[in-house]
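Let me begin by presenting the structure, written as structure tokens, before commenting on it.
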Amino acid sequence: MTAPLAPQYDPSQIEAPLYAWWRERGLFRPETVQRGGLRGEPYVIQMPPPNVTAELHAGHGLNNTVQDVLIRFERMRGRRALWVPGTDHAGIATQNVVERLLAREGLTRFDLGREAFVERVWAYVRETGARILEQLQAIGCSADWSRTYFTLDEDLSRAVREVFVRLYEKGLIYRGNYIINWCPRCLTALSNEEAEKEEVDGQLWHLRYPLATGEGEVVIATTRPETMLGDTAVAVHPEDERYRDLVGRSLRLPLVDRLIPLVADEAVDPGFGSGAVKVTPAHDPTDFEIGRRHDLPAVDVMTPEARMSLAVPERFQGLDRFEARRRVVAELESQGLVVKVEPHRHAVGHCYRCDTVVEPRLSEQWFVRMEPLARAALARYRDGTIRFIPERRGDDYERWLTGIRDWCISRQLWWGHRIPVWYCEADGCGQVSVSRTDLTACPGCGGMVRQDEDVLDTWFSSWLVPFTSLGWPEQTDDLATYYPGHTLVSSPDIIFFWVSRMIMSGLEFMGQPPYVRIYLHGVVRDTLHRKMSKSLGNGVDPLEVVERYGADALRYALVSGMSVGTDLILDPNDLESSFAPARNFANKLWNAGRFILSHATEPPRPLAGRSPAVVRRDELTLADRWIIARCEATVREATDAYERFRLNEAAGAVYRFIWSDLADWYIEQIKPRLYGDVPGGDVAHAVALQTFDVALRLLHPVMPFITEALWRRFPARPHDASISVAPWPLSDRRAEDPEALRDFGLVQEVIGAIRAIRAEYGVQPGQSVRAVVTRSDPGDGAIRREQATVTRLAKVSELAFGEPRERVGGHAVLSDGTAVFVPLGDAIDVDRECGRLTAELERLTRLVEAQEKKLGNQQFVSRAPAEVVQRERDKAATWREQRDVLGRKLELLGCGAAES
RNA sequence: GGGCGAAUAGCUCAGCUGGUUCAGAGCGCCUGCCUUACACGCAGGAUGUCGGGGGUUCGAAUCCCUCUUCGCCCACCA
Numbered sequence: 008m009t010a011p012l013a014p015q016y017d018p019s020q021i022e023a024p025l026y027a028w029w030r031e032r033g034l035f036r037p038e039t040v041q042r043g044g045l046r047g048e049p050y051v052i053q054m055p056p057p058n059v060t061a062e063l064h065a066g067h068g069l070n071n072t073v074q075d076v077l078i079r080f081e082r083m084r085g086r087r088a089l090w091v092p093g094t095d096h097a098g099i100a101t102q103n104v105v106e107r108l109l110a111r112e113g114l115t116r117f118d119l120g121r122e123a124f125v126e127r128v129w130a131y132v133r134e135t136g137a138r139i140l141e142q143l144q145a146i147g148c149s150a151d152w153s154r155t156y157f158t159l160d161e162d163l164s165r166a167v168r169e170v171f172v173r174l175y176e177k178g179l180i181y182r183g184n185y186i187i188n189w190c191p192r193c194l195t196a197l198s199n200e201e202a203e204k205e206e207v208d209g210q211l212w213h214l215r216y217p218l219a220t221g222e223g224e225v226v227i228a229t230t231r232p233e234t235m236l237g238d239t240a241v242a243v244h245p246e247d248e249r250y251r252d253l254v255g256r257s258l259r260l261p262l263v264d265r266l267i268p269l270v271a272d273e274a275v276d277p278g279f280g281s282g283a284v285k286v287t288p289a290h291d292p293t294d295f296e297i298g299r300r301h302d303l304p305a306v307d308v309m310t311p312e313a314r315m316s317l318a319v320p321e322r323f324q325g326l327d328r329f330e331a332r333r334r335v336v337a338e339l340e341s342q343g344l345v346v347k348v349e350p351h352r353h354a355v356g357h358c359y360r361c362d363t364v365v366e367p368r369l370s371e372q373w374f375v376r377m378e379p380l381a382r383a384a385l386a387r388y389r390d391g392t393i394r395f396i397p398e399r400r401g402d403d404y405e406r407w408l409t410g411i412r413d414w415c416i417s418r419q420l421w422w423g424h425r426i427p428v429w430y431c432e433a434d435g436c437g438q439v440s441v442s443r444t445d446l447t448a449c450p451g452c453g454g455m456v457r458q459d460e461d462v463l464d465t466w467f468s469s470w471l472v473p474f475t476s477l478g479w480p481e482q483t484d485d486l487a488t489y490y491p492g493h494t495l496v497s498s499p500d501i502i503f504f505w506v507s508r509m510i511m512s513g514l515e516f517m518g519q520p521p522y523v524r525i526y527l528h529g530v531v532r533d534t535l536h537r538k539m540s541k542s543l544g545n546g547v548d549p550l551e552v553v554e555r556y557g558a559d560a561l562r563y564a565l566v567s568g569m570s571v572g573t574d575l576i577l578d579p580n581d582l583e584s585s586f587a588p589a590r591n592f593a594n595k596l597w598n599a600g601r602f603i604l605s606h607a608t609e610p611p612r613p614l615a616g617r618s619p620a621v622v623r624r625d626e627l628t629l630a631d632r633w634i635i636a637r638c639e640a641t642v643r644e645a646t647d648a649y650e651r652f653r654l655n656e657a658a659g660a661v662y663r664f665i666w667s668d669l670a671d672w673y674i675e676q677i678k679p680r681l682y683g684d685v686p687g688g689d690v691a692h693a694v695a696l697q698t699f700d701v702a703l704r705l706l707h708p709v710m711p712f713i714t715e716a717l718w719r720r721f722p723a724r725p726h727d728a729s730i731s732v733a734p735w736p737l738s739d740r741r742a743e744d745p746e747a748l749r750d751f752g753l754v755q756e757v758i759g760a761i762r763a764i765r766a767e768y769g770v771q772p773g774q775s776v777r778a779v780v781t782r783s784d785p786g787d788g789a790i791r792r793e794q795a796t797v798t799r800l801a802k803v804s805e806l807a808f809g810e811p812r813e814r815v816g817g818h819a820v821l822s823d824g825t826a827v828f829v830p831l832g833d834a835i836d837v838d839r840e841c842g843r844l845t846a847e848l849e850r851l852t853r854l855v856e857a858q859e860k861k862l863g864n865q866q867f868v869s870r871a872p873a874e875v876v877q878r879e880r881d882k883a884a885t886w887r888e889q890r891d892v893l894g895r896k897l898e899l900l901g902c903g904a905a906e907s
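Structure, rendered in structure tokens:
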């Protein structure tokens, strides 16, 4: 702790030990963070559980950094902050991973059998799983790891079963034979949300179906000709004049030679194609409904693998659906039954896990009735209980809930929660039993029972985690204390999968929504604005960034690059440009800290209270008052920004304070006092420590490691104190000081003006210049008082006040009209200086003219608010002043065109 | 087909309730500096039709309309 700090910040030496120390001390557990008996309100965030086998990617990095920032912010504000982590068993994804591994051994899951396969997955999960949680620790996430759950844990599984049974008993879960989205590669049903619609360029085939009598035909249009083998009707709109006389007649289905009726149904759009549509009840949801209404048979023409089934003519059997499509079209063409083929762009469902084209398929599945759940969830949004940030995301939520369809929850997988339903095998019984406990015999007849083979959708367990992770259905203390939570941080792509459904389940089982604020951040993209993905290979690996730049730099870059509701662009091929600025900032902070912490001239005097404002006014220099006022402004700005989820603004405010104010100006200003060249070192040091302390706290949520490392090294800091539970800086009106802000601002201006003149005329850095300041308050007064600062920082050997004797030199005018003159004698190029100043004069003249025009406008003066008018008058006066001063300077310099 | 978002410096983006010297930051670029916290730094500098057009207003990067381009979400017209 007392070893000298290296001039270059090395996060790899700092981060891991600090993280371990935080965990040892239990600082992420709300129970152990009860400072001084203060028990704040609970503040809970549920981590979106990553897939148990996932590797950390930039999206996780962003999502969890945001959550960690919020949780650390609230923790420091004294709330009992709980961030609940967990992992998701991720049914399809995990099963796919293990199946791929098996495939390398030449095996399928069927070779192993269900039990052995599931055991294999468990082994895999135990071996490699949850690594992502360690990766989250590497980026500093302060989740309460003692509460980590896995969605397949025994207690969560029990809760899942409880929910299934309750919903079933309430009539909200049912089994039925419907058209569902089927992935022929994963061999399972999918929910509507899991079948992602993608626009594809397809074709629209117009086909002739002859009338059975042979004296006419009906032309239908289809994008999936292979399904015609399963057609059991053709439908037209009842009011369609073209077909009115044909309704009820029979058509001869080509290739199959089956007679099918022409039916009239409202679902048909007479304006599309020919107005006649083929009806395939087993392979299309609309057709299924039409089939129901007209009592049509459903012919399933495909196997689960999407090969043509035994229900089609032999020559097509076993063909892949796309091959069958080609064969069907070819045969129809040869029979002259293809009228035309048009290019047709349309949306086709794709499996969200493997991107295979989804096949709408008739099958027996379990469903959740969503309408009643959605109604409740919608009500809590409309009454303002639940709010989205950014607000417009609420529209998506509302639209989804308004048009919601039932949720298919059964999956034909082996990895997941087995559906708690048993079917009686006894002859004539047929009882279906839904049970909280495993059944071995039929409760009705005592006969043999067989459990449903299917498992539940992964999301059927994750939609419950806000309460199951806290012990539900047991009435635990955790549940009583930490439900409901407050904020949910998520990316927009899982609003429907997870976010909305959690609100439904929370309302249904807990009577309250699990959170009231939903913060949806953007998506991480590459420079071509493509979503980062494994398959594109355009990802940024957060762990690589941690290794090269440190976790704090990663976090700072993510947070500062992200504003509310917009995506974050990172260049995977140029980590340097994305992360070096943040690393540089960390290094700047480190060195500022190194300097401040090592320059105590004497033991620091404790400043009473929380705010540096309470040092006696008369002991403070202008610079002291200025940095205190700037610090106060930063406290307000940052706190307000954190509260409003504007994390980039919070980070930016602290960045500017530390770099521009504290490092560039204040530290430079106080050096003589710290070195003991002038008195007041103790005050300077105390103020520096205080404001730096505040800055570290404000920054801690974003850069937890470096702020902790520095904060702990403050003099007289108890060895077990951690900034992560240090109180959040409070705004203190006493620290406001507009006068100091103005006056020190003028000092900064005069230094800047002299530096600019020096640079303009190539004055050597080591060489001093003289400078003359003309005019009066407030600039003059402030500059007089801070004469030493000006001479030192602008390398001025002699600072005079009054009218300059020389004529030749560099001129500048400060914002209050104070004139600055740097005599340069022979060194100066008069023409050049005239040019420079003339341009400046022109700018000011234009400004003044525009302002006078504005003020001369009766409309403006009468209609604009009085204070705006006054402000504009003040501006005009100031600019006029500046203009006049500059004009006189030009005259003195003998610039010819100066007066024009 | 419906809905939404974005367009500001070479790049990535701020600019919130129309009015503060409003046209900004970082990176990159140019010039000069290894000034004893930091060259991952310091000082200075250049760079813009605020996507186009129209409108509202005393006043528009900001509000409205429209067009263009890019992106996203939703959708049972096969």
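Its first residue numbered 8, the first sequence is counted upward by one per residue in this note's numbering. We put the CB at the ideal spot given by N, CA and C, even for glycine. The structure displayed is predicted, hence computed values, not measured ones.
In angstroms with no decimal places, state the Cα-to-Cα distance between W466 and N188. 16 Å
For L326, which of R32, A693, T234 has the nearest alpha-carbon? T234
Let's test the definition: count the other Cβ atoms within 10 Å of the Cβ of V243 and tell me whether it reaches 16, buried, or not, exposed. buried
Secondary structure, beta strand (DSSP E): runs of 3+ residues fully inside the segment 253-312: 257-260, 265-271, 283-286
Under the assumption that Y662 contacts A695 (Cβ atoms under 8 Å), give the Cβ distance between them as a whole number of angstroms. With 8 Å as the limit, Y662 and A695 do not qualify as a contact, their Cβ atoms being about 18 Å apart.
As assigned by DSSP and simplified to three states, the class of T796: helix
Leaving out five residues on either side along the sequence, give the residues of the same chain with a beta carbon under 6 Å from the beta carbon of F395. G401, I525
Take the Cβ of V875 as the centre, count every other Cβ of all protein chains shown within 10 Å, and call the residue buried at 16 or more, exposed below. exposed
What is the rounded straight-line gap between the Cα of L821 and the Cα of V757? 7 Å
So what does K538 bridge to, in DSSP terms? R532
For a test of the three-state rule: what should DSSP assign to T494, helix, strand or coil? strand
Could you check what DSSP says for E888 in three-state terms: helix, strand or coil? helix
Per-residue burial, N580 [other beta carbons within 10 Å of its own, 16 or more giving buried]: exposed
Nearest candidate by alpha-carbon position, reference A202, set W429, V364, A386: V364
CA-CA distance, D464 and G98? 7 Å
Check this for me: beta carbons of L408 and A448, under 8 Å apart or not? no
If we ignore side chains and look at the alpha-carbon of each, how far apart do R30 and G147 end up? 11 Å
Span of the beta strand (DSSP E), counted from its first residue to its last, around W429: 428-431
When DSSP builds the beta bridges, which residues end up paired with V243? A271, A283
Less than 8 Å between the C-beta atoms of I603 and F699, yes or no? yes
Just tell me which of P520, A61, V308 has its CA closest to the CA of V472. P520
Can you check which of these residues, E644, E847, E169, R537, is closest to G928 by C-alpha distance? Because residue 928 is not part of the residues shown, which for the chain are 8 to 907, the question remains open.
Can you find the residues in the same chain that come closer than 8 Å, C-beta to C-beta, to P14, ignoring five residues on each side of it along the sequence? N598, R601
Do the segment 80-93 and the segment 45-61 meet, that is, are 3 or more Cβ pairs less than 8 Å apart? yes
Which residue from G451, V319, V523, P499 puts its Cα closest to that of Y388? V523
Would you kindly work out how many angstroms separate the C-alpha atoms of P288 and D294, rounded to a whole number? 5 Å
Identify every residue that forms a DSSP beta bridge with G820. Here the sequence assigns Val to residue 820, which means Gly is not the residue at that position. Partner(s): A826.
Nearest to I790 by CA position, among S667, P811, R749, is which residue? R749
Beta-carbon contacts of R249 that lie in its chain and below 7 Å, excluding the five residues immediately before and after: G282
Could I get the ranges of all uninterrupted alpha helix (DSSP H) runs contained in the segment 303-368, with 4 residues as the minimum, in chain order? 328-341
Assign Y682 to buried or exposed, taking buried as 16 or more other Cβ atoms, counted over all protein chains shown, within 10 Å of its Cβ. exposed
Hey, would you say R887 sits closer than 8 Å to V855, going by beta carbons? yes
Helix or strand or just coil, what does DSSP make of D151? coil
Can we say the segment 545-557 touches the segment 57-76, given the rule of at least three CB pairs closer than 8 Å? yes
Just to confirm the assignment, what range does the beta strand (DSSP E) spanning I665 have? It is not in any beta strand (DSSP E) - I665 carries neither H nor E in the DSSP assignment.
Buried/exposed call for E810, threshold 16 Cβ in 10 Å: exposed
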